[in-house]
Amino acid sequence: MVALIFAFLLVVCAVEGHEILSRRSFPKGFVFGTASAAYQYEGAAREGGRGPSIWDVYAHTPGKIMDGTTGDVAVDQYHRYKEDVGLMVDMGVDAYRFSISWSRIFPEGRGKINQEGVDYYNNLINELLKKGIQPYVTLFHWDSPQALEDAYKTWLSSRIVDDYAAYAEACFRAFGDRVKHWITFNEPHVVCNFGYNFGMLAPGRCSSEVGNCSAGNSSVEPYIVGHHILLSHASAVKIYREKYQEKQAGIIGITLDAQWHEPFSRSSKDKAAARRALDFNLGWMLDPIMFGDYPATMRSRVRDRLPKFTKEQSKRLKGSHDFIGINHYTSFYDADASNSNHPQAAFSQQAYFKDTGVFSTDMRNGRLIGQNVNGFYIVPFGMRRLLNYIRLRYNNPTIFITENGISDVTNATAPLKEVLNDTTRVNFLKAYLSNLRAAIADGSDVRGYFVWSLLDNFEWSRGLSVKFGLYHVEYEKDLQRVPKKSAWWYKKFLTK
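Residue numbers for the sequence shown, in mature numbering (1 follows the signal peptide of the UniProt record, and there is no 0): -17 to -1, 1 to 479.
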């Protein structure tokens, strides 16, 4: 089966290309939107009864954020949500994906609900609907309450499953009469890998040989965290389906990050390595949700460090989705790590990469896989090949592209005129949308596409220095929103 999948993808290579696109190039009812996340956008970190999240603590730790900034203010959407909804209306989007700050609903992570937090999200949801924009709501986008981290280390403890389920149910109860699209988690693979393997995102845990962390175990903790996230996801879906879905008429899924992994060569070893990379990146979460267990490659390579599901847990996980969200940004070449002469072979022996037996690289035969923009490579064909892989491997699930975008190529000191002329982003969107349309023509059941992001924002460990927005934010001038060329292009694409 695997060989057939990769054979099909080689055929796809020959027919990839570009064409002039507009909204009408996509199926009737296809959803276009923009995306955001609470800690990256809201600000108001100490307002409205909100409790601290792990990102408040992490961002205020000296040396953790590239430019020393925090999400205390971010782009202040908490106070400016009506203005931002107005930008979306003008652009012509159908939907807005945002996340709920868990600690704004439950300041202590559990217990008493903070009504001010509920009121804020009610106001945002109502404003969106009043303007004809559908809310797509993510329940967890990396910002777990610090109170739970202090109490039991959050995702490292099985106690988190019940607390997350209670939080999710509170959101279904408060907002589900109007929210018809729920996403349980955003990119759990990133949480596991960068939060608990490399220690580069909150809570910043890793082994001493991997990074400069005060605590952690990079060979064990990522798998424990992933396991508890999956069990939490399954619990939330079960609650929604049994108590809310029929009455509220919504759907629920999860968003996974997925790169395309291109074999470094035509050798059987490199093809197998690329498949392993897909298993450890995408299959880690998607296989249990589709099939009830981890990929066989992970079970055989991670062995007793990979937790096991009970029969009941496996049954609850299998089919626990109405759709799958895919966040796709970039692609890599992948080779078998047994090639000790490769320049990245030493790096491949670190924790997670040692488990995969893969090293990923951006270069082959002296040529980059695509233009490098702040560590992300522009590889449009990766979109189509990834979606075709999912279609063939996972029986063509319903998919929303919940994030896709690129950062500005200009640096932080570039003149405003240069910043606004973001031709690279325009070309990126054209090329990726072209490949998305081709994947749909191939048969992939994709129902929507969300650009990351509406606004420049707080980009996690890179702070405010890396900018993904269709709108430039004047951080030194009252956070004024200024449309870039890409905002005008997206508007034309959506409205012509």
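Even glycine gets a Cβ: it sits at the ideal position worked out from N, Cα and C. Predicted model only: the values in this text are computed from it and were never measured.
| field | For His304, the three-state DSSP class (helix, strand or coil) | value | Translated into the one-based positions of the sequence shown, residue 304 becomes position 321. Three-state DSSP puts His304 in coil, outside helix and strand.
| field | Through-space distance from Arg63 to Pro398, alpha-carbon basis | value | Translated into positions along the sequence shown, residue 398 becomes position 415. Translated into positions along the sequence shown, residue 63 becomes position 80. Taken atom to atom, the span from the alpha-carbon of Pro398 to that of Arg63 is near 26 Å.
| query | When the distance is taken between beta carbons, is Ser5 closer than 9 Å to Leu477? | reply | Locating residue 477 in the sequence shown gives position 494, where the first residue counts as 1. Locating residue 5 in the sequence shown gives position 22, where the first residue counts as 1. In this structure, Leu477 places its C-beta atom within 9 Å of the C-beta atom of Ser5.
| query | How close, in whole Å, do the beta carbons of Gly159 and Ala78 come, if the pair is a contact with beta carbons under 8 Å? | reply | As a working mapping, residue 159 is identified with position 176 in the sequence shown. As a working mapping, residue 78 is identified with position 95 in the sequence shown. Not confirmed; about 16 Å, so no contact.
| field | Start and end residues, beta strand (DSSP E) containing Gly69 | value | Translated into positions along the sequence shown, residue 69 becomes position 86. That residue, Gly69, is in no beta strand (DSSP E); its alpha helix (DSSP H) goes 60 to 74.
| query | In terms of residue numbering, what span does the alpha helix (DSSP H) encompassing Thr478 cover? | reply | Translated into the one-based positions of the sequence shown, residue 478 becomes position 495. In the DSSP assignment, Thr478 falls within the alpha helix (DSSP H) that extends over 468 to 478.
| Leaving out five residues before and five after Lys479 in sequence, what residues of the same chain have Cβ atoms less than 6 Å from its Cβ? | Mapped onto the sequence shown, residue 479 falls at position 496. Annotation for Lys479: Ser5 place their beta carbon closer than 6 Å to its own, counting only its chain and skipping 5 residues before and after.
| For the putative contact between Asn180 and Ala334, defined by C-beta atoms under 8 Å, what is the C-beta separation to the nearest angstrom? | For the purposes of this step, residue 180 is taken as the residue at position 197 of the sequence shown. For the purposes of this step, residue 334 is taken as the residue at position 351 of the sequence shown. Rounded to whole angstroms, the Cβ separation of Asn180 and Ala334 is 5 Å, and the two are in contact under 8 Å.
| field | Expected contact under 8 Å - CB spacing of Met366 and Asn418 to nearest Å | value | Taking the first residue of the sequence shown as 1, we reach residue 366 at position 383. Taking the first residue of the sequence shown as 1, we reach residue 418 at position 435. Indeed, because the Cβ distance is near 4 Å, the residues count as touching under 8 Å.
| Contact check, Cys175 vs Pro205 under 8 Å by CB: the rounded distance? | One-based indexing of the sequence shown puts residue 175 at position 192. One-based indexing of the sequence shown puts residue 205 at position 222. Taking a contact as a CB-CB distance under 8 Å, the pair Cys175 and Pro205 counts as one, their CB atoms being some 4 Å apart.
| Does the beta-carbon distance from Leu300 to Gly275 come in below 9 Å? | Looking up residue 300 in the sequence shown gives position 317. Looking up residue 275 in the sequence shown gives position 292. Contact: yes.
| query | When burial is assigned at 16 or more other CB atoms within 10 Å of the CB, is Pro45 buried or exposed? | reply | Numbered from its first residue, the sequence shown carries residue 45 at position 62. So Pro45 ends up on the exposed side.
| message | Quick test of the definition: if touching needs 3 or more C-beta pairs under 8 Å, does the stretch 90 to 102 touch the stretch 125 to 141? | response | With a cut-off of 8 Å, the stretch 125 to 141 and the stretch 90 to 102 count as touching, because enough Cβ pairs lie within range.
| query | Cβ of Ala318 within 9 Å of Cβ of Ala232? | reply | The residue labelled residue 318 in the question sits at position 335 within the sequence shown. The residue labelled residue 232 in the question sits at position 249 within the sequence shown. Going by C-beta atoms, Ala318 is not nearer than 9 Å to Ala232.
| field | Backbone secondary structure at Leu462 - three-state DSSP | value | The residue labelled residue 462 in the question sits at position 479 within the sequence shown. Residue state, collapsed to three classes: coil.
| query | What did DSSP end up calling Met366 once you bin it into helix, strand or coil? | reply | Within the sequence shown, numbered from 1, the residue matching residue 366 stands at position 383. Met366: helix per DSSP, three-state reduction.
| said: Taking the straight line between their C-alpha atoms, what separation do you get for Thr167 and Gly388? | reply: Position 184 of the sequence shown, counted from the start, is the residue given in the question as residue 167. Position 405 of the sequence shown, counted from the start, is the residue given in the question as residue 388. Each residue's Cα considered, the two are about 22 Å apart.
| query | Ala329 to Asp262, Cα distance in whole Å? | reply | What you label residue 329 is simply residue 346 of the sequence shown in a count that begins at 1. What you label residue 262 is simply residue 279 of the sequence shown in a count that begins at 1. Its pLDDT being 48, under 50, Ala329 is placed unreliably in this model, and the value from its coordinates should be taken loosely. Cα to Cα, Ala329 sits roughly 22 Å from Asp262.
| How is the beta strand (DSSP E) around Asn387 delimited, first residue to last? | Reading the sequence shown from its first residue, position 404 is the one you call residue 387. Following the DSSP letters along the chain, one finds Asn387 inside the beta strand (DSSP E) bounded by residues 382 to 387.
| message | Measuring only the C-alpha atoms, how far is Tyr316 from Met268? | response | What you label residue 316 is simply residue 333 of the sequence shown in a count that begins at 1. What you label residue 268 is simply residue 285 of the sequence shown in a count that begins at 1. Distance between the alpha carbons of Tyr316 and Met268 is about 22 Å.
| field | Contacts around Ala(-4), its chain only, beta-carbon distance under 8 Å, and the 5 residues preceding and following it disregarded | value | The sequence position of residue -4 within the sequence shown is 14, counting from 1. Per-residue confidence for Ala(-4) stands at a pLDDT of 39, beneath the threshold of 50, marking its modelled position as unreliable; no derived number is given.
| Length of the line joining the Cα atoms of Asp391 and Val434 | In the sequence shown, counting from the first residue as 1, residue 391 sits at position 408. In the sequence shown, counting from the first residue as 1, residue 434 sits at position 451. Looking at the two C-alpha atoms, the distance is approximately 14 Å.
| Rounded separation between Asn109 and His164 - CA only | The residue you call residue 109 lines up with position 126 of the sequence shown. The residue you call residue 164 lines up with position 181 of the sequence shown. Their backbone Cα atoms lie some 15 Å apart in a straight line.
| task | Measure the C-alpha to C-alpha separation of Ala27 and Leu412 and round it to an integer number of angstroms. | result | Taking the first residue of the sequence shown as position 1, residue 27 is located at position 44. Taking the first residue of the sequence shown as position 1, residue 412 is located at position 429. Their backbone Cα atoms lie some 32 Å apart in a straight line.
| How close, in whole Å, do the beta carbons of Val58 and Asn440 come, if the pair is a contact with beta carbons under 8 Å? | Within the sequence shown, numbered from 1, the residue matching residue 58 stands at position 75. Within the sequence shown, numbered from 1, the residue matching residue 440 stands at position 457. At roughly 5 Å, the Cβ-Cβ gap stays under 8 Å, so Val58 and Asn440 are in contact.
| beta strand (DSSP E) containing Ala18: first to last residue? | As a position in the sequence shown, residue 18 is number 35, starting the count at 1. It spans 14 to 18 - the beta strand (DSSP E) in which Ala18 sits, taken as one unbroken run.
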